[in-house]
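Numbering (the UniProt record's numbering), first residue to last: 1 to 661.
All C-beta atoms, glycine included, are put in the ideal place defined by N, C-alpha and C.
In what follows, a single structure is set out as structure tokens and then discussed.
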Amino acid sequence: MDIQKKIEHLRTEIEQHNYNYYVLDMPTISDFEFDAKLKELIELENQYPEFFDENSPTQRVGGVVTKNFETVVHEKRMYSLDNSYSKDDLFDWENKIQKILGNVPLQYTCELKYDGASISITYINGKLYRAVTRGDGFQGDDVTTNIKTIKSIPLQLKGNFPEKFEIRGEIILPLKGFEKMNKELIDLGEIPYSNPRNTASGSLKLQDSKEVAKRPLDCLLYTVVGENLPCTTQFESLESARTWGFKVPEFSKLANTMNDVLDFISYWDKERHNLPYETDGVVIKVNQFLYQQELGYTAKSPRWAIAYKFKAEQVTTTLNSIAYQVGRTGAITPVANLEPVQLAGTIVKRASLHNADQIEKLNLHIGDEVFVEKGGEIIPKIIGVAKRNSNSEPIVYITNCPDCGHKLERKEGEAQHYCPNYYECPPQIIGRIEHFISRKAMNIDGLGGETVALLYKNNLVKDYSDLYTLTIQDIVPLERMAQKSAENLINGIEASKSIPFEKVLFALGIRYVGETVAKKLAKHYKNIDALSQATEEELTKVDEIGARIAQSVLEFFANTHNIDIISKLKSFGVQFEVKEDNSLISNKLYGKIFVVSGVFEKFSRDELKQLIESNGGKVGSSISAKTNYVVAGENMGPAKLEKANQLSIPIISETEFESLL
Ligand SMILES: NC(=O)c1ccc[n+]([C@@H]2O[C@H](COP(=O)([O-])OP(=O)(O)OC[C@H]3O[C@@H](n4cnc5c(N)ncnc54)[C@H](O)[C@@H]3O)[C@@H](O)[C@H]2O)c1
Ligand SMILES: [Zn+2]
1 MDIQKKIEHL RTEIEQHNYN YYVLDMPTIS DFEFDAKLKE LIELENQYPE
51 FFDENSPTQR VGGVVTKNFE TVVHEKRMYS LDNSYSKDDL FDWENKIQKI
101 LGNVPLQYTC ELKYDGASIS ITYINGKLYR AVTRGDGFQG DDVTTNIKTI
151 KSIPLQLKGN FPEKFEIRGE IILPLKGFEK MNKELIDLGE IPYSNPRNTA
201 SGSLKLQDSK EVAKRPLDCL LYTVVGENLP CTTQFESLES ARTWGFKVPE
251 FSKLANTMND VLDFISYWDK ERHNLPYETD GVVIKVNQFL YQQELGYTAK
301 SPRWAIAYKF KAEQVTTTLN SIAYQVGRTG AITPVANLEP VQLAGTIVKR
351 ASLHNADQIE KLNLHIGDEV FVEKGGEIIP KIIGVAKRNS NSEPIVYITN
401 CPDCGHKLER KEGEAQHYCP NYYECPPQII GRIEHFISRK AMNIDGLGGE
451 TVALLYKNNL VKDYSDLYTL TIQDIVPLER MAQKSAENLI NGIEASKSIP
501 FEKVLFALGI RYVGETVAKK LAKHYKNIDA LSQATEEELT KVDEIGARIA
551 QSVLEFFANT HNIDIISKLK SFGVQFEVKE DNSLISNKLY GKIFVVSGVF
601 EKFSRDELKQ LIESNGGKVG SSISAKTNYV VAGENMGPAK LEKANQLSIP
651 IISETEFESL L
């Protein structure tokens, strides 16, 4: 085979994967496979230097700059890291740098390699000035507003910080938050995110910082960059950054020899599974800045640092069978049953497969030996076939619902198959009732998933409105139920009648109507009758409601069965209109008159006004001598500003306002 062709082919292929990974945040191959391709290319280029190309992906940092944000040129370039996978690689690296330095007394800082998206944040005079993504290393996206929503990033520093510097770190999504986001997506019948890293990186690129604020992102910092820093080593700089108020994980260690480094690695190779976020290796850095300067950089990475990548958590095992689960929206999810195997500290028996496309893409057969990898998800995933056995058989995707036998449907452009037997299919009925009673919906105490299934099997409930007809006598005879638990349940159901309309609307389980959408719709339409009569055009005019949600709302109300259920719920006293809430949260602002002006970061203007009123204050429409405070956001009108100054009325920011509460 023509070597040059092979090199070019690999370059194109890797560029495409870089694009999928960094721009779309949707990799189509595992990091393990990606790294193998990159390694192959590096080796070929080393072997055949005549085909050198400065545009090769081996010479460049993988990311890109997008058009959605302002582009900022990094004052100091942001590099990637060279990778190593074995002890030998590390000793080779040490030899190489000692050759350049001339066998000096080296120290290393060992740090964990956090798996997220890199960020560089500039501070001037102790104030957060700007946050920029790595981009292509030379320039990145200005994502300051998004970054400011992350609570652990200080806006104002404390202690003895340098006048101007950049601090670099990783924006990560802790595993718990990731799982929660995915559970909400699955509940809504949508496709879950593939892993925390890509979700963190995607979150940074959202246009609406209010959406970013909802995501439980965090930022772990690891490098201070600037002139005249008050420290001479990496380890000291981490300690100083901590005293300035930054979140710098405490795990870093100083090592005097490569063997100390190896101890650190083998400790964290196991211990990392107990961390609340993902790490994919250890970063080893020459500790002394003086030596770092002497070593300098290659085209892509510092010579004074190297990443040691943990072995991908991967095992092979047999794919025994496929089970199909039916969700409350009727969506079918295939799940792989595996020969039990030990992986990352747990026994793995099942792996998620998402949908039919994925089975096809992986070309899975029952009986195959498959690679199983554990990423951010609780359930591990199959990433490919290791070996086809002679008795392996192709997977025939089901055509009928495994529970009710109804023929499955698949809408054009959708990945998931659905069971359309909405009213008769048991897991859908039970799923809808479980959703209805869940904590964020009707919050009915004393009723769990198993009890719902029992109630359904005993013909006591056919839909969630039947819950309100239950009596203690109905419940006591059920398995594991006693007088006391039956009473609790009935009390819980009774109490749910005072749950506010927005939660009731969420509880109904309309596809794509999650918590936030339900809130928006409740606020806009005020009651269910107005909502049920809305047209698609009207619906899509509501903030954040798109055609897909509108369509789903229309479908829901076009169904007489749903209308019947709603009128039953109404007759039982469930809330179907917004109650104007006059109850006060506090009296802290009693007697104070506020004027709100400008655009805010944390709150909408309406939210601010509501906060003022619910804490006993009043909102004035224009500034007068009676005004006590002006809460000012960005772009406050100059006339208002002048008036406030004339009358010496204090102008406060939204943060200062918060501190009044
Ligand atoms: N699956 C795919 O299609 C695909 C495509 C492209 C890249 N990738 C994966 O992306 C990775 C390459 O990405 P990369 O260029 O961001 O490099 P990298 O993630 O391998 O290493 C460099 C980055 O590590 C981060 N980092 C975390 N902790 C650090 C610490 N303590 N000190 C210093 N830096 C730290 C920094 O952000 C730095 O930029 C590889 O793992 C590769 O497998 C996968
Ligand atoms: Zn069914």
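Just grab the DSSP bridge partners of residue i for me.
i, result
"residue 577", "527"
"residue 123", "128, 165"
"residue 341", "348"
"residue 569", "BP columns for residue 569 are empty, so no partner."
"residue 336", "322, 351"
"residue 409", "418"
"residue 111", "283"
"residue 297", "302"
"residue 141", "71"
"residue 9", "Note: residue 9 sits in no beta bridge, so no partner."
"residue 651", "630"
"residue 308", "84, 282"
"residue 618", "593"
Could you spell out the range, first to last residue, of the beta strand (DSSP E) harbouring residue i?
i, result
"residue 371", "369-373"
"residue 350", "346-352"
"residue 286", "279-286"
"residue 546", "No beta strand (DSSP E) contains residue 546, which DSSP labels as neither H nor E."
"residue 596", "593-597"
"residue 629", "629-632"
"residue 383", "381-387"
Can you give me the start and stop residues for the alpha helix (DSSP H) that residue i sits inside?
i, result
"residue 426", "426-437"
"residue 145", "144-147"
"residue 37", "31-47"
"residue 223", "Premise fails: residue 223 lies in the beta strand (DSSP E), 218-225, not in any alpha helix (DSSP H)."
"residue 320", "Note, residue 320: premise wrong, no alpha helix (DSSP H); beta strand (DSSP E) at 314-326."
"residue 331", "Looking at the DSSP string, residue 331 is not in any alpha helix (DSSP H), and its letter there is neither H nor E."
"residue 473", "472-475"
"residue 212", "209-214"
"residue 241", "234-243"
"residue 254", "No alpha helix (DSSP H) holds residue 254; the beta strand (DSSP E) holding it covers 253-255."
"residue 258", "258-271"
"residue 179", "175-187"
"residue 642", "638-646"
"residue 451", "449-457"
Roughly how many angstroms lie between the CA atoms of residue i and residue j, to the nearest whole one?
i, j, result
"residue 481", "residue 427", "22 Å"
"residue 292", "residue 106", "11 Å"
"residue 362", "residue 356", "10 Å"
"residue 608", "residue 617", "11 Å"
"residue 325", "residue 187", "13 Å"
"residue 256", "residue 108", "6 Å"
"residue 559", "residue 565", "10 Å"
"residue 350", "residue 323", "10 Å"
"residue 152", "residue 268", "24 Å"
"residue 262", "residue 310", "12 Å"
"residue 442", "residue 483", "23 Å"
"residue 533", "residue 465", "22 Å"
"residue 170", "residue 290", "25 Å"
"residue 50", "residue 280", "34 Å"
"residue 75", "residue 634", "28 Å"
"residue 404", "residue 115", "43 Å"
"residue 382", "residue 353", "7 Å"
"residue 455", "residue 374", "37 Å"
Going by alpha carbons, who is nearest to residue i out of the options?
i, options, result
"residue 523", "467, 512, 539, 509", "539"
"residue 57", "301, 193, 233, 204", "301"
"residue 72", "340, 164, 347, 136", "136"
"residue 648", "623, 635, 654", "623"
"residue 425", "327, 380, 596, 659", "327"
"residue 589", "520, 660, 625, 642", "660"
"residue 368", "155, 387, 254", "387"
"residue 421", "458, 393, 456, 329", "329"
"residue 615", "576, 657, 238", "657"
"residue 571", "594, 654, 467", "467"
"residue 206", "174, 149, 246", "149"
Compare the C-beta of residue i against all C-beta atoms of chain C and say whether one is closer than 8 Å.
i, result
"residue 179", "Absent here is chain C; the protein component of the structure consists of one chain."
(Q) Please output, in chain order, the residues near ligand 2 using a CB cut-off of less than 6 Å to any non-hydrogen atom of the ligand. (A) 326, 401, 403, 404, 406, 419, 421, 425
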